[in-house]
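Enquirer:
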Amino acid sequence: MMNLPARVGLVGCGIISTRYIEVSRELPEFDIIACADAVPAAAKAQAEKHGLRVLSPEDLFAAPDIDMVLNLTPPPAHYSVDKAALEAGKAVYSEKPLAATFAEGKELMALANRKNLRIGCAPDTFLGAGYQSARLYLDEGIVGAPVAATAFMMSRGHEYWHANPAFYYKPGGGPMLDMGVYYLTALVHLLGPVKRVTGSARATWSERTIYSEPHKGEVIEVEVPTFVAGLLDFECGAIGAIITTFDTQASGLPRIELYGETGTLNLPDPNTFGGPLQVRTHADDSWKDLPLRFGHAGNSRGIGPADMAVSTVEEEQHRANGEVALHVLEIMESIQVASETGRHIELSTRCERPRPLPEGVYAGVRPD
């Protein structure tokens, strides 16, 4: 039985863990009380900085005062950590992606269902002010019925700035799994599930030289596609196009645009929580800025576990849920399969369009 605030144990004390801990101090719905890491010194540092209890991962999973495990480990470890936590009887909220493969994701969902446990998954950026406002405007009919959407994640590679970029070019990495998940989750939130995909993918260079410290000059062998283009047939009838790449030096393309029968929404970067948000209808001569109608416009990583805690207590489906994450994982994997096989792929999963937050939410995930 979970009560609020939910008591959360964090596994994986890397850079992103700091913001989750900070947000847990700002929101009333959950409280991070313990941490663990494969590198004990990393857990000790976060514990001393934020007043947490240090545990081994195994002890954290077994702790009776932990309601939920927050998995912030690197993506290759998501499956094993999620599985261990579920087997120990804990609800899990995982960083994205849910797993490195669709098969692993299905296994995690089946395990959670067998044990009657909740599993949630990032990204939770779609719960921020930008995309919650976009959902409200769309549902109010500001651009009419959806016709299509485009999404572009055009970037140079992590070797230019990341301290340890090699993973991004190994299985489980690449631009689609690393960044496309934000774009696809935002589109599923707005348009609902996808029924069929096709795509093309390539690795532009077989090797990439690291320009950032501390591995400057080292060479990475590329093992995944680094330019991925997909076409999406949504069940609602809309058509989507997405490109994700680590192969471009610059781009002026919008992040996401949604085209309706009577207008267009220009949407913000789905890796952020705020705006800007613009509209142009058949009656407009230029783009118009739309006001944001929700809070959480800043870096609010942690809204997802907060909503999961509240939804558990209120016996509702949480919004950043495993069904959405698994569906998005199947979309991403199927685009690559489509490229390799030269065909359309009919998807086996579906998910409900996540519930919008109630209008007027500015602190936490419940109306003020």
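Here the sequence shown is numbered in this note's numbering, starting from 41 and rising by one per residue.
Backbone N, C-alpha and C fix where the C-beta goes; we use that ideal spot for every residue, glycine too.
Every value quoted in this text rests on a predicted model; they were computed, and no experiment measured them.
1. Cys391 and His367 - do their beta-carbons sit closer together than 8 Å?
2. Pick helix, strand or coil for Ile182, following the three-state DSSP scheme.
3. At the level of alpha carbons, what is the spacing between Ala102 and Ser96?
4. Of all the beta strand (DSSP E) runs that stay within the bounds of the segment 229 to 277, which reach a length of 3 or more residues?
5. Pull up the distance between the alpha-carbon of Leu112 and that of Phe166, whole angstroms please.
6. By a C-beta neighbour count over all protein chains shown, 10 Å radius and 16 as the cutoff for buried, is Pro137 buried or exposed?
7. Does the separation of the CB atoms of Glu69 and Pro104 fall below 8 Å?
8. Which one of Pro205, Asp122 and Leu224 has the shortest CA to CA distance from Asp273?
9. Restricting to runs no shorter than 3 residues, where is the beta strand (DSSP E) found entirely within the segment 166 to 214?
10. For the candidate residues Leu332, Thr141, Leu50 and Cys53, whose alpha-carbon lies nearest to that of Ala169?
11. Indicate the three-state DSSP secondary structure (helix, strand or coil) for Met41 in the structure shown.
12. Only counting runs of 4 or more residues, tell me where the alpha helix (DSSP H) segments fall wholly within the segment 348 to 399, in order along the chain.
13. Strictly by DSSP, which residues pair up with Met108?
14. Let me check one thing: in DSSP terms, what residues is Tyr299 bridge-paired to?
15. Just confirm the distance between the C-beta atoms of Gly303 and Val183, as a whole number of angstroms; I'd bet it's less than 8 Å.
16. Considering Ala281, what are the terminal residues of the beta strand (DSSP E) in which it resides?
17. Buried or exposed for Ala203, going by 16 or more other Cβ atoms inside 10 Å?
18. Check Asp77 in the structure and name its three-state DSSP category.
19. Tell me whether Phe13 sits in a helix, a strand or coil according to DSSP, three-state version.
20. Would you mind sorting Thr352 into buried or exposed? The rule is 16 or more other CB atoms within 10 Å of its CB.
21. Could you tell me which residues DSSP puts in a beta bridge with Gly160?
22. What do you get for Met41, buried or exposed, if any count of 16 or more other CB atoms within 10 angstroms of its CB means buried?
23. Within a Cβ cutoff of 8 Å, which residues of the same chain sit near Thr288, ignoring the five residues on either side of it in sequence?
24. Can you tell me where the alpha helix (DSSP H) with Arg15 in it begins and where it stops?
25. Just to check my reading of the structure: Leu98 and Tyr119 have Cβ atoms closer than 8 Å, yes? What is that Cβ distance to the nearest angstrom?
26. Rounding to the nearest angstrom, what Cα-Cα distance links Ser291 and Ile282 in this structure?
27. Quick one: Cα of Glu373 to Cα of Val264, how far?
28. Per DSSP, what kind of secondary structure is Val121 in: helix, strand or coil?
29. Report the residue from Asp329, Ala206, Ile296 and Arg242 whose alpha carbon sits nearest the alpha carbon of Glu380.
30. Candidates Lys89, Val121 and Arg175: which alpha carbon is nearest Leu307's?
31. Measuring straight from C-alpha to C-alpha, what distance separates Leu157 and Glu135?
32. Can you tell me where the beta strand (DSSP E) with Val319 in it begins and where it stops?
33. For Gly232, which residues in the same chain have their Cβ closer than 7 Å to its Cβ, ignoring the five residues on either side in sequence?
34. Per the DSSP calculation, Asp329 is bridged to which residue(s)?
35. Could you pull out every residue in the same chain whose Cβ sits closer than 7 Å to the Cβ of Pro254, ignoring the five residues on either side in sequence?
36. If Ala206 sits next to Ser240, beta carbons under 8 Å apart, how far is it from one beta carbon to the other, in whole angstroms?
Expert: To lay it out plainly:
1. With a cutoff of 8 Å on beta-carbon distance, His367 and Cys391 are scored as near each other.
2. Three-state DSSP puts Ile182 in coil, outside helix and strand.
3. Between Ala102 and Ser96, the C-alpha separation is close to 10 Å.
4. Counting only runs of at least 3 residues, the segment 229 to 277 fully encloses the following beta strand (DSSP E) elements, listed from N- to C-terminal order: 234 to 242, 247 to 249, 259 to 261 and 267 to 274.
5. Between Leu112 and Phe166, the C-alpha separation is close to 19 Å.
6. It counts as buried.
7. Using a Cβ distance threshold of 8 Å, Glu69 and Pro104 do not count as a contacting pair.
8. The residue with the shortest Cα to Cα distance from Asp273 is Leu224.
9. The beta strand (DSSP E) runs of length 3 or more contained entirely in the segment 166 to 214 are, from start to end of the chain, 186 to 194.
10. Proximity to Ala169 across Leu332, Thr141, Leu50 and Cys53 peaks at Leu332, based on C-alpha coordinates.
11. For Met41, the three-state secondary structure derived from DSSP is coil.
12. List check, alpha helix (DSSP H) in window: 362 to 381.
13. Met108 is bridged by DSSP to Val48 and Ala131.
14. Answer is Ala188 and Thr304.
15. Separation of the CB atoms of Gly303 and Val183 is rounded to 4 Å, and the pair is thereby assigned contact status at 8 Å.
16. For Ala281, the uninterrupted beta strand (DSSP E) segment begins and ends at Ile279 to Thr285.
17. With fewer than 16 other beta carbons inside 10 angstroms of its own, Ala203 counts as exposed.
18. Asp77 sits in coil when the DSSP states are folded into three classes, being neither helix nor strand.
19. Residue numbering for the chain in the displayed model covers 41 to 408; residue 13 lies beyond these limits and cannot be assessed.
20. Under the 10 Å beta carbon count, Thr352 is surrounded by 16 or more other beta carbons and is classified as buried.
21. DSSP lists Tyr133 and Asn361 as partners of Gly160.
22. By the beta-carbon neighbour count (other beta carbons within 10 angstroms, threshold 16), Met41 is exposed.
23. If we look at Thr288 and ignore the five residues flanking it on each side, its Cβ neighbours are Met194, Ser195 and Arg196.
24. One cannot answer for residue 15 here, as it falls past the ends of the chain, which runs 41 to 408.
25. In the sequence as presented, Leu is not what sits at residue 98; that position holds Glu. Contact doesn't hold; Cβ gap of about 17 Å is too wide.
26. Near 14 Å, if we compare the C-alpha coordinates of Ile282 and Ser291.
27. Looking at the backbone, the Cα of Glu373 and that of Val264 are separated by about 12 Å.
28. Three-state DSSP puts Val121 in a helix.
29. Comparing Cα positions, the closest option is Arg242.
30. The shortest C-alpha separation from Leu307 is found at Arg175.
31. Spanning the two alpha carbons is a distance of roughly 17 Å.
32. Note, Val319: beta strand (DSSP E), Gln318 to Thr321.
33. Closer than 7 Å at Cβ, skipping near neighbours: Phe274, Glu275, Cys276 and Arg393.
34. BP columns for Asp329 point to Gln318.
35. Excluding sequence neighbours, Pro254 sits near Ala203.
36. 25 Å between Cβ atoms; not a contact.
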